[in-house]
Amino acid sequence: MADGKEDPAVFTSTSLPSDPRLLATVTNAYLGTRVYRDILHVNGVYNGAVGDTHRADIPSPVNVRMTVPGADGLAETFTLNTRTGTFSHVLQSTDFTATHQIYAHHSLVHLMAFSITIRRSAHTTQPVTVQLQTPFVPKSQDLDLKQGPDFQGAHYVHGKTLVPEVRGGPRPTVHMLWTPVPRALTLCGEERERSWEFLTAVAESEAEAKRSYSEGRALVAAGALHRSHVHAWAALWRGCGVELGGPLPLRQALRGCLYYLLSAVPPRGGPGSPFHGISPGGLSNGTQGEDYWGHVFWDQDTWMFPNILLFYPEAARAILEYRIRTLEGALCNAQEQGYKGAKFPWESAATGREVCPEEIYGAQEIHVTGDVLMAFEQYYCTTQDQKLFREDGGWKLVGAVAQYWCSRMVWSEEEQCYHIKGVMPPDEFHYRVDNSVYTNAVAQRSLNFAADIARDFLIPVPEEWVDCAKKVKVPFDAEKKYHPEYDGYSPGEPVKQADVVLLGFPLMHPMSSEVRRNDLEMYEPVTELDGPAMTWSMFAVGWLELKEVQRAQSQLNKCFSNITEPFKIWVENSDGSGAVNFLTGMGGFLQAVLFGYTGFRITKTSLRFDPAFPDEINKLKVTGVSYFGNKMKFTITKEEIRIKVTECPRDPPASPLEAVLEESGQWFPLREG
1 MADGKEDPAV
11 FTSTSLPSDP
21 RLLATVTNAY
31 LGTRVYRDIL
41 HVNGVYNGAV
51 GDTHRADIPS
61 PVNVRMTVPG
71 ADGLAETFTL
81 NTRTGTFSHV
91 LQSTDFTATH
101 QIYAHHSLVH
111 LMAFSITIRR
121 SAHTTQPVTV
131 QLQTPFVPKS
141 QDLDLKQGPD
151 FQGAHYVHGK
161 TLVPEVRGGP
171 RPTVHMLWTP
181 VPRALTLCGE
191 ERERSWEFLT
201 AVAESEAEAK
211 RSYSEGRALV
221 AAGALHRSHV
231 HAWAALWRGC
241 GVELGGPLPL
251 RQALRGCLYY
261 LLSAVPPRGG
271 PGSPFHGISP
281 GGLSNGTQGE
291 DYWGHVFWDQ
301 DTWMFPNILL
311 FYPEAARAIL
321 EYRIRTLEGA
331 LCNAQEQGYK
341 GAKFPWESAA
351 TGREVCPEEI
361 YGAQEIHVTG
371 DVLMAFEQYY
381 CTTQDQKLFR
391 EDGGWKLVGA
401 VAQYWCSRMV
411 WSEEEQCYHI
421 KGVMPPDEFH
431 YRVDNSVYTN
441 AVAQRSLNFA
451 ADIARDFLIP
461 VPEEWVDCAK
471 KVKVPFDAEK
481 KYHPEYDGYS
491 PGEPVKQADV
501 VLLGFPLMHP
511 MSSEVRRNDL
521 EMYEPVTELD
531 GPAMTWSMFA
541 VGWLELKEVQ
551 RAQSQLNKCF
561 SNITEPFKIW
571 VENSDGSGAV
581 NFLTGMGGFL
591 QAVLFGYTGF
601 RITKTSLRFD
611 PAFPDEINKL
621 KVTGVSYFGN
631 KMKFTITKEE
641 IRIKVTECPR
651 DPPASPLEAV
661 LEESGQWFPL
671 REG
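Spelled out as structure tokens, the structure:
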């Protein structure tokens, strides 16, 4: 690592990683690419039928490399600045500095841009020329691209995807305008410094592409394009943050996780174009054959969503709206399998139909339907946003999921309870098992939430929901006082990833601390060491609940083998296999800090907190925690907790916030400031 050593927000290196998958990504809610990659992706634009559907590859005009042939003694640095959401490449000699900056504009989401700036040293007057290498060809294996007339000096192509996801389904059109890139740029002898800006605008309508390109050009003319992008990121960071007094690698890891996750969500108060969810590898990845083809899994709802909800409920709502828009597909999935209600797909793309290439997961890994509903529940408890449920389709989704779970259960005369048979739990080493403890517990939680919402809205609660929730089997070994993973699980059997430990968090399934400890002790040694990156975060949260802070930290430290240098890109498995820029693992890591160290728990009646952190951390500051329309800042040290209300809702709720000490019952009113 070169400069920026002590700044946890800036990742700098004098060389690039040898594996191009580990290059920094530049994305916003709509467009994404890896630096120096020949393709970019558009959120929600897929090509291919069913299991073959993947993010459509669009040729990338921002894939440009800057070189200065023949220059002596060039120092070279590559930097990802998470404060400004900008990647830069700098070539420096005694005579000049050449800087290449690349970014996906955070608030103008249809724009990507790069700039080249050459600045000479005071003592020289020689012309300075930089070469620009670009392999760009306006062709795609996924779109029938045609050239259109130039617009305001930009080249223009447009085309539809080739194959719809389902027969007769939509084939989105992509329109792209870009500034032509010359082979070289020269700073003349009499010029001290000069910048050149290059824009790419992508949209699903010609009008939007042209509008965005024109807006970008106007900002370039005013010298304000990059400034407006930096301003949008600054506003985002002001609204949320996690600062630690602790080791630099931990601070960098946290910053990287939050940056890559925030890069994927819609901007605050941004244009209301539909959001199409977050895949495990994000928008920069997901071409055919990589990173799960860009499909959306439970990774979004269980692993990423809670962090986004804590800081930006409006972005969390956009994720839920994606699930509401794909409800029709979920209803079809259930019907095809012979059940009622809605079954969300294990892998989702544009329609909500099952697009997993392997049938076993779509048929058996049904816990995803409960995971989706748990995100809705967390959102409701945090925001009390009744409009989403009453007017915007949320209630229909909730009712359809409850209906699905009831139809998926069968009554066991022998055990006098409901069973859910033939499933694959989160632990994918096992399949066609009966009564996966996680699946059954999440089904029970879905039904309880559906009944709660119905009561809140004065809608009669179907008796079947209450009966199934009360009588569904949640396997428990009363003798050993632990939860078997499923009927017939033998202690010591290997487990692929976090499964039973998820009962404690995020499910908050009622259990004693003795049982919680036994579950952790039982499954920690048999869980695959090289398994998916989010696993150890959940063991860490469990040990933090039990105040075993050093044991928790040893679990969290296992995550560092999934973080690559120099740009803090996560790999799914510590051997480097699986998805890259693995947002799922980042989401788990963030939860270990945001819900583990702080002890935050979102319940029906309150936001609870019960901090615990290891010796090497002396202070934790979490800015921008959202609850009931308020924004709060928590400052936690080993001695005290300070809570400051930084923002209140415009129409205040009937009862202002108050902090309650559980042991003494003492309470303190919380007012703005």
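Under UniProt numbering, the residues of the sequence shown are numbered 1 to 673, in order. For every residue, glycine included, the Cβ atom is placed at its ideal position computed from N, Cα and C.
Item, Value
"With 16 other Cβ atoms within 10 Å as the buried cut-off, status of residue 178", "buried"
"Of the listed residues 371, 241 and 317, nearest to residue 266 (C-alpha basis)", "317"
"Option nearest residue 341 by Cα separation, candidates 406, 95, 31 and 373", "406"
"For residue 550, the first and last residue of its enclosing alpha helix (DSSP H)", "549 to 557"
"8 Å Cβ shell around residue 625 - same chain, five flanking residues per side excluded", "310, 311, 600, 607, 631, 632, 633 and 634"
"Residue 79 to residue 9 span [Cα, whole Å]", "11 Å"
"Residues of its chain near residue 331, where Cβ-Cβ distance is below 6 Å and the 5 sequence neighbours each way are ignored", "342"
"Reference residue 190; option with closest CA among 253, 121 and 245", "121"
"Stretch-stretch touch, CB-based, cutoff 8 Å, three pairs: the stretch 380 to 394 with the stretch 351 to 371", "no"
"Given residue 134 as reference, the closest of 38, 613, 412 and 586 once Cα atoms are compared", "38"
"Beta-ladder partner(s) of residue 131, from DSSP", "67 and 184"
"Sequence-distant residues of its chain with Cβ nearer than 8 Å to residue 292 (five each side left out)", "279, 280, 281, 286, 347 and 579"
"Cβ separation of residue 337 and residue 363, assumed to be a contact under 8 Å, to the nearest whole Å", "7 Å"
"Cα-Cα separation between residue 211 and residue 229, rounded to whole angstroms", "17 Å"
"Residue 477 CB to nearest heavy atom of the ligand SAM below 6 Å", "With respect to the ligand SAM, the structure offers nothing, as it holds no ligand at all."
"Buried versus exposed, by CB contacts within 10 Å (16 or more), residue 572", "buried"
"Per-residue DSSP class, three states only, for residue 151", "strand"
"Residue 683 vs residue 104 beta-carbon contact at 7 Å", "The question about residue 683 has no answer, for the chain in this structure spans 1 to 673."
"Beta-carbon gap between residue 450 and residue 498 smaller than 7 Å", "no"
"C-beta atoms of residue 324 and residue 397 nearer than 7 Å", "yes"
"Those residues which DSSP pairs with residue 411 across a bridge", "418"
"Under the three-state DSSP convention, the category residue 537 falls into", "helix"
"Contact under 7 Å by Cβ, residue 263 with residue 34", "no"
"Under the three-state DSSP convention, the category residue 249 falls into", "helix"
"Supposed close pair residue 690, residue 87 - CB separation, criterion 8 Å", "With the chain covering only 1 through 673, there is no way to say anything about residue 690."
"Close Cβ partners of residue 656 (< 8 Å) along its chain, the five nearest in sequence each way excluded", "669, 670 and 671"
"Option in 248, 209, 422 and 644 with minimal Cα separation from residue 621", "644"
"Alpha-carbon to alpha-carbon, residue 514 and residue 481", "8 Å"
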